[in-house]
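**Q**
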Amino acid sequence: MIRFTIRRLLSGLVLLLVVTSATFFLAHLAIGDPTAGLLGNNATPVQRAALHEKLGLDRPIITQYWDWFSHAIRGDFGTSWRNFQPVSDQIALRVPVTLSVVLAATLLAAVLGLVVGVATGLRPGGLLARVLKVASVVLFALPGFWVSLVLVMTFAVRLKWFPAVGYVPFGQSPSAWLSSITLPSVALALAAIVMIAEQLSNGFLEVNKQDFVRTLKARGLSSRRVTLHVLRNASPAALTVLAVMFVGLLGGAIVVEIIFNLPGIGSLTQSASQIGDIPILLGLTAVTVVFVVLINFLLDLVLGWINPKVREI
Amino acid sequence: MKRIWRATVVAVAAMAMAACTNTTTSGSGTADEDIKIGTLLDVTSWDPAQADIGFDGPYLSALYDPLISLDKDSKPVPGLAKEWKYSADFLTLTMDLRTGVEFSDGQAFDADAAVQNLEHLKAGVRSGSTYDNVTDIKKVDADTIALHLKKKDDALLYYMGIGRSWMASPAAIKADTLANQPVGSGPYTYEKGKSTPGSDYVFAKKSGHWDDKTYPFSTVHIQPIADPTASFNAMLSGQLDIAYANAADIPRAKDNGWNVASDVATWVGLQYTDRTGKQLKPLGDVRVRRAISHAFDGAAMLKSVGQNAGVATNQVFPAGRPVYDETLNSRYAFDLDKAKKLMAEAGYPDGFKVTMPMSSIFQPWQPSVQQTLGKIGIKVTWKNLSPADYQKNAATFPMFVAVLALDSNPAASVDGRITSQQWFNPNPSTDDFPKVKELVGKIEAATGDAQVPLIQQLNKEITEQAWQDVWYQANNTYFSVKGITVTPITGMMFPTLRFVQRG
């Protein structure tokens, strides 16, 4: 298990290195000179040159890269080109927002997906299974932003149960925090619930057909214990889907963050891209890769724990 | 174990109930002392030297006092400078400062503080261009300063008033901490603990501010909301009292009984960087530029792309202001036959080829431009650029699609649109246009109201020269709930707090 863990961590580090380096060069190539976006309409060539010097853009790209890299490995991602504030401070403000919504959505998806998945797995032809089939078609056909807007119009504008926009930090007011993340989390979770439930339900059907289940039943085990055995064997696929969903939700959060006006990493990515704030983009890339690596690592650990054969891969 | 689960379920349910009932449902600014303002962009920087004029106005005006403000007609009015006077040669601007004003860190506002602030603004990457003509800033006595200029600058007071003279604590400037910890003498203090950066900035009113009456609200919330639908929903749900609005929502806003305030903010059209034909010979012929002006149906463009929010015109001086001349709008009436005839007269009956830049921001106009220019034989090849690169590179092309800010002050319009070097106007020389050059010279020699008729003549002349191809001037629109009014100021994309009042 230790070798397995070290191998996974090392491959994660390599991924982090490759992705951030590629982002550095691609961003410089795609965005070009950022002073136009940063200085606005009235800047003179002299001011642009001064900003170039201030940002260190007058140096060779390799020097700039080494400077960024040597600082980044010590956790210093430099300062934003927009407001000259430390990148890490700004990302630290944004990460809790996105994580609040994405974690809540993942939790919702996991719990409801599990309940619905097990229920439909136990009764494949039942009403709930049929509802799930229809829901999966409908939810995948509808764009995410439309679903979000329907939620806003119903629960924020009409019923006024939740705010239409904005985020309140947990430290400021736990109830207002919960209120501010409810609709965005539900909007993100809806499709994920259906996907996980379907995965689990299909897994149930597959595992139920296997000989060992018949043996367990023949030995007179209670249906609850048989279900637990089946669940343990059917869960890897659903867990993989859940991990993929989490990573997908991190990316998909941008639409929800815009519709609900949440100051998360999605909206920061959008604004940083628009004005060519490369340090912010690099910091965000690094954070996202760390999340992806971490989630996959945790998934591998859990799958390895459930099924020891995985560790040998 | 069961007990723990039950307790958890009860706790979560209680929190959810509390969350549901905690939602703000008040929507009327008259009912309480708070006001919630939704603007388009987050604050660029709390340091006035690094801030933008456009959308930073409401944020900075909460915390800082300016040396000079503008009134609703964009006329400079006293701020921390009580009065000012130019020397006879207009090369020295002397300002008499307000006394007894303190910054929120206890530092006094005086001539030393004003000099330090202006030097900070002059050195600022974003604020510096306002003070390009200022060579020296000197303290005359404890409450008087003098700005020495290398040449007469008719737009200086306007630019200072529009957001380039915010005064900050000298200690904070010296410590270089303004970007993180703004310290001003303004009407409000920043409630950092109650604010959520990027989502909701909260400001509490100070007691005893020298201009107390101008600021009627005890607490101000400013929320940057980039998406117009989110902003509209926030108004509907009662989370906002004022919103930077999408013109398409005006009928629904009226149905809700909200106030709607609009004024022109930008001009939309084609900007030429090559009027002498050095880069693209045909553009050096005024008949070709006139043909292009005749080919575009500005009113139709305003209706289809601009949601009819604005004024169809071919001028860059804002509609409704003294320099704007209604009669000039018929100079380039939509007439394709005339356009084709002019192209033929200029020697281009089959048109010519041109490469123009394009980015996602300008895509709404791209099909019309391609089609319209195509009708008079001008074949466009588009070069796609990222939005960030557009500003830097657009002016390297002979012409490009532009949406450019307007200024309400006539002298600032001449300076910003015609005579000074800007990203969209890299070569402001008028040497090849003797009449334009002569009029610019006369304007620079004249002062005050005497400039207006001369600028009117310049407006006529650059319209004759088809200096740019303006399709329309686009509005900025603001919604506000009953009992609150917003006065739009052309030049500010979102007005400062003094233009948000009860009424």
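Chains A and B supply the protein sequences, listed in that same order. Position one of the first sequence corresponds to residue 1 (the working numbering), numbered consecutively onward. Position one of the second sequence corresponds to residue 1001 (the working numbering), numbered consecutively onward. For every residue, glycine included, the Cβ atom is placed at its ideal position computed from N, Cα and C. Here the structure is a predicted model, which means the values were calculated and not measured.
Give the residues of chain B in contact with residue 228/A, contact being defined as C-beta atoms less than 8 Å apart.
**A** Within chain B, no residue comes near residue 228/A; the closest Cβ sits about 16 Å away, beyond 8 Å.
**Q** Give me the Cα-Cα distance between residue 1347/B and residue 1459/B, rounded to the nearest whole angstrom.
**A** In a straight line, the C-alpha of residue 1347/B is about 28 Å away from that of residue 1459/B.
**Q** Identify the contact partners of residue 283/A in chain E, using a Cβ-Cβ distance below 9 Å as the criterion.
**A** You won't find chain E in this structure, because its protein chains are A and B.
**Q** Where do the ends of the alpha helix (DSSP H) carrying residue 226/A lie?
**A** That run of the alpha helix (DSSP H) goes 223-259.
**Q** Report the residues of the region 73-92 of chain A with a CB closer than 7 Å to any CB of chain B, ordered along the chain.
**A** Residues 82, 83, 84, 85.
**Q** Which residues share a DSSP beta bridge with residue 1383/B?
**A** Beta-bridge pairing links residue 1383/B to 1357/B.
**Q** To the nearest angstrom, how far is it from the Cα of residue 1037/B to the Cα of residue 1061/B?
**A** Residue 1037/B and residue 1061/B: Cα-Cα distance of roughly 13 Å.
**Q** Residues in the same chain with beta-carbon distance under 8 Å from residue 1234/B, minus the five sequence neighbours each way, listed in chain order, please.
**A** Answer for residue 1234/B: 1038, 1223, 1225, 1240, 1243, listed in chain order.
**Q** List in chain order: all unbroken alpha helix (DSSP H) runs of 4+ residues lying wholly within the region 1426-1450 of chain B.
**A** Runs found: 1434-1445.
**Q** Where does residue 1367/B land, buried or exposed, given buried means 16+ other C-beta within 10 angstroms?
**A** Exposed, because fewer than 16 other Cβ atoms sit within 10 Å of the Cβ of residue 1367/B.
**Q** Helix or strand or just coil, what does DSSP make of residue 135/A?
**A** Of the three classes helix, strand and coil, the one that applies to residue 135/A here is helix, per DSSP.
**Q** Pair every Cβ in the region 1140-1150 of chain B with every Cβ in the region 1093-1100 of chain B, then say whether three or more of these pairs are closer than 8 Å.
**A** Judged by Cβ distances under 8 Å, the region 1140-1150 of chain B makes contact with the region 1093-1100 of chain B, as three or more pairs qualify.
**Q** Taking the beta strand (DSSP E) that residue 1141/B belongs to, which residues open and close that run?
**A** 1134-1141 is the extent of the beta strand (DSSP E) around residue 1141/B.
**Q** In this structure, how does DSSP classify residue 1422/B when only helix, strand and coil are distinguished?
**A** Three-state DSSP puts residue 1422/B in a strand.
**Q** Helix, strand or coil, according to DSSP, for residue 1065/B in the structure here?
**A** In this structure, residue 1065/B counts as strand in the three-state DSSP scheme.
**Q** Taking 7 Å as the threshold (C-beta atoms), are residue 128/A and residue 1197/B in contact?
**A** Taking 7 Å as the Cβ cut-off, residue 1197/B and residue 128/A do not qualify as a contacting pair.
**Q** Can you list, in chain order, the residues of its chain whose CB lies under 8 Å from that of residue 1278/B, leaving out five sequence neighbours each side?
**A** Excluding residues within five positions, the ones whose Cβ falls inside 8 Å are 1284.
**Q** Taking the alpha-carbon positions, what's the residue 1340/B to residue 1330/B distance?
**A** Near 18 Å, if we compare the C-alpha coordinates of residue 1330/B and residue 1340/B.
**Q** In the region 1389-1420 of chain B, which residue ranges form an unbroken alpha helix (DSSP H) of at least 4 residues, counting only runs that do not cross its ends?
**A** Fully enclosed alpha helix (DSSP H) runs of 4 or longer: 1410-1414.
**Q** Examine the Cβ distances between the region 110-126 of chain A and the region 167-186 of chain A and report whether three or more of them are shorter than 8 Å.
**A** The region 110-126 of chain A is not in contact with the region 167-186 of chain A.
**Q** Going by DSSP, what residue range makes up the alpha helix (DSSP H) through residue 1083/B?
**A** Here residue 1083/B belongs to no alpha helix (DSSP H); instead the beta strand (DSSP E) covers 1081-1086.
**Q** Quick one: Cα of residue 1106/B to Cα of residue 1112/B, how far?
**A** Straight-line Cα distance between these residues: approximately 15 Å.
**Q** Residues of chain A with CB closer than 8 Å to the CB of residue 1398/B, please, in chain order.
**A** Ordered by position in chain A, no residue passes the 8 Å Cβ test against residue 1398/B, which lies about 19 Å from the chain.
**Q** Go through the region 58-89 of chain A residue by residue and report every complete run of the alpha helix (DSSP H) that reaches 4 residues or more, in order.
**A** Fully enclosed alpha helix (DSSP H) runs of 4 or longer: 61-72.
**Q** Report the partner residues of residue 1502/B according to the DSSP bridge assignment.
**A** Residue 1502/B is bridged to 1484/B.
**Q** Can you find at least 3 beta carbon pairs, one from the region 97-113 of chain A and one from the region 186-194 of chain A, that sit closer than 8 Å?
**A** The region 97-113 of chain A vs the region 186-194 of chain A: in contact.
**Q** Alpha helix (DSSP H) containing residue 1349/B: first to last residue?
**A** Neither: residue 1349/B is in no alpha helix (DSSP H) and is coded neither H nor E.
**Q** Just to confirm, are residue 1261/B and residue 1478/B a CB contact at a threshold of 7 Å?
**A** Yes, they are a contact pair.
**Q** Per DSSP, which one or two residues make a beta bridge with residue 1076/B?
**A** Beta-bridge pairing links residue 1076/B to 1070/B.
**Q** Going by CA-CA distance only, name the one from 1126/B, 1151/B, 1440/B that's closest to residue 1135/B.
**A** Of 1126/B, 1151/B, 1440/B, the residue nearest in Cα terms is 1151/B.
**Q** At a cut of 8 Å, does the region 1303-1323 of chain B reach the region 1374-1382 of chain B through at least three beta carbon pairs?
**A** These segments do not touch.
**Q** Mind listing the chain B neighbours of residue 167/A? Cutoff is C-beta to C-beta under 7 Å, in chain order.
**A** Correct list: 1196, 1199.
**Q** What are the complete alpha helix (DSSP H) segments, minimum 4 residues, inside the region 1244-1320 of chain B?
**A** Runs found: 1250-1255, 1286-1295, 1298-1304.
**Q** Below 8 Å, how does it come out for the region 64-72 of chain A and the region 19-34 of chain A: are there three or more Cβ pairs, yes or no?
**A** A contact exists between the region 64-72 of chain A and the region 19-34 of chain A.
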